[in-house]
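What follows is a short report on a single structure.
Residue numbers (this note's numbering): 1 to 212.
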């Protein structure tokens with residue numbers, strides 16, 4: 001595994017536009033906010049939904065538009081279970097490598113099938129100009145980043161390392177990133193139940209991020 005930031009550094013948050021959401025304010029009950037990127041996937045998303053149901057947990061799924069089109073029944077099952085969804089572009093575009101108009105069109109295309117005002121930029125890459133554009137206008141987006149990223153997509157780490165990436169830094173208000181994708185499956189399927197169990201033992205609620 002390459003050295004990476006598991007917890008979003010305070011300096012990075014300070015330099016980035018203030019409109020970005022990195023963690024959540026303290027709730028009356030200590031609360032964790034699990035998020036899942038890059039789905040839906042018929043089998044993997046179902047595993048996630050079943051695990052969440054077992055712990056009476058709610059989460060937020062940042063979906064890729066083309067995956068929603070290809071697996072719309074799975075997408076509907078996310079909503080039917082009471083979770084929230086967010087826009088992750090139609091084709092998983094990197095904002096730093098994409099011309100602005102093309103980037104905005106791709107988000108709008110995803111918005112045709114993902115009815116949400118929540119947005120997460122793929123790779124966490126987005127320019128200040130793109131942030132300003134997306135957070136202004138008639139339908140401003142709530143751009144959700146993260147406090148902790150599990151690196152479940154990194155095949156060079158073990159499931160236990162993935163689990164510890166989350167548990168050693170987890171605290172109430174944390175927004176945590178997992179992925180309901182084939183790339184992350186080998187690590188996520190081990191780490192997620194352990195994180196859910198840990199939160200249960202701590203008495204922490206697990207809630208979804210609400211739209212603005």
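Here a beta-carbon is modelled for each residue, glycine too, at the ideal position from N, C-alpha and C. Keep in mind that this is a model prediction, so the values were computed, not measured.
When DSSP labels each residue in this structure, what does residue i get in the three-state scheme?
i           : result
residue 157 : coil
residue 95  : helix
residue 10  : helix
residue 190 : helix
residue 23  : strand
residue 31  : strand
residue 101 : helix
residue 206 : strand
residue 38  : coil
Taking the beta carbon of residue i as the centre, do at least 16 other beta carbons fall within 10 Å, making it buried, or is it exposed?
i           : result
residue 25  : exposed
residue 116 : buried
residue 73  : exposed
residue 82  : exposed
residue 128 : exposed
residue 15  : exposed
residue 141 : buried
residue 170 : buried
Which residues share a DSSP beta bridge with residue i?
i           : result
residue 149 : 177
residue 143 : 119
Pick out whichever of the options has its Cα sitting closest to the Cα of residue i.
i           : options             : result
residue 172 : 11, 144, 207 and 30 : 30
residue 176 : 167, 189 and 183    : 167
residue 155 : 165, 183 and 202    : 183
residue 51  : 193, 62 and 125     : 193
residue 217 : 185, 205 and 86     : As shown, the chain starts at 1 and ends at 212. That puts residue 217 outside it, with no answer to give.
Query - Length at least 4, wholly inside the stretch 59-87: the alpha helix (DSSP H) runs in chain order - result: 65-70 and 72-80
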